[in-house]
Amino acid sequence: MTTQVATLIFDGDCGFCTSTANYIVAHSRSPITAVAWQLTDVTQYGLLEPQTAERVWLVNAAGEKYSGHEAFAQLLILQKRPLLTFAGYLMLVPPVCWLSRLGYRLTAQFRHRLPGGTPACKLPR
Numbered sequence: 724m725t726t727q728v729a730t731l732i733f734d735g736d737c738g739f740c741t742s743t744a745n746y747i748v749a750h751s752r753s754p755i756t757a758v759a760w761q762l763t764d765v766t767q768y769g770l771l772e773p774q775t776a777e778r779v780w781l782v783n784a785a786g787e788k789y790s791g792h793e794a795f796a797q798l799l800i801l802q803k804r805p806l807l808t809f810a811g812y813l814m815l816v817p818p819v820c821w822l823s824r825l826g827y828r829l830t831a832q833f834r835h836r837l838p839g840g841t842p843a844c845k846l847p848r
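Residues 724 to 848 in our numbering are what the sequence shown spells out, letter by letter.
If you want it as structure tokens, here you go:
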């Protein structure tokens with residue numbers, strides 16, 4: 724039996740992003756590999772550096788790519804806890820997906836103020 728593996732591509736310079744990626748990997752019911760975009764050749768996933776610097780990405784074994792709030796929703800769907808899985812599916816349905824998109828943007832914008840965040844986490848304006 725072949726194990727499907729998803730790859731999470733995140734900002735390795737951000738402590739909040741690194742902590743979140745580590746949590747996701749440790750609590751997933753399916754194998755996820757987390758890689759910092761700064762330490763990998765993102766073109767092997769069909770992405771460009773500016774794309775991966777801008778937001779989080781999830782690439783599944785079939786090569787499907789998700790970014791931002793959709794990547795986060797897909798990551799929640801892969802979690803062991805049923806409530807997190809449900810929340811992931813819910814994040815993809817209107818009108819919740821509109822709030823999820825906004826929530827992702829706000830989280831990304833203010834990640835330097837979140838637990839584990841540092842001044843290095845601040846995105847350029």
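Built from N, CA and C at the ideal position, the CB exists for glycine as well.
Check your understanding: Per DSSP, which one or two residues make a beta bridge with Trp780?
Key -> Taking the first residue of the sequence shown as 1, we reach residue 780 at position 57. DSSP, once it has assigned bridges, lists Ile732, Ser790 as partnering Trp780.
Practice item. Identify every residue that forms a DSSP beta bridge with Ile755. Key: For the purposes of this step, residue 755 is identified with residue 32 of the sequence shown, where counting begins at 1. For Ile755, which the question treats as bridged, DSSP gives the partners Ala729.
Check your understanding: Buried or exposed: Ala757, going by 16 or more other Cβ atoms within 10 Å of its Cβ?
Key -> Here residue 757 corresponds to residue number 34 of the sequence shown, with the count starting at 1. With 16 or more other CB atoms across the displayed protein chains lying within 10 angstroms of its CB, Ala757 is buried.
**Study point:** Identity of the residue in Thr763, Tyr827, Gln832 nearest Pro847 by Cα
**Key:** Here residue 847 refers to the residue found at position 124 of the sequence shown. Closest in C-alpha terms to Pro847, from the list Thr763, Tyr827, Gln832, comes Gln832.
Review point. According to the neighbour-count rule (16 or more other Cβ atoms, all chains shown, within 10 Å of its Cβ), is Arg804 buried or exposed?
Key: Sequence index remark: in the sequence shown, residue 804 carries index 81 (1-based). Counting Cβ neighbours within 10 Å, Arg804 comes out exposed, since fewer than 16 surround it.
Exercise for review: State yes or no: is the C-beta of Ala843 within less than 9 Å of the C-beta of Val782?
Suggested key: On the sequence shown, position 120 is the one that residue 843 refers to. On the sequence shown, position 59 is the one that residue 782 refers to. Taking 9 Å as the Cβ cut-off, Ala843 and Val782 do not qualify as a contacting pair.
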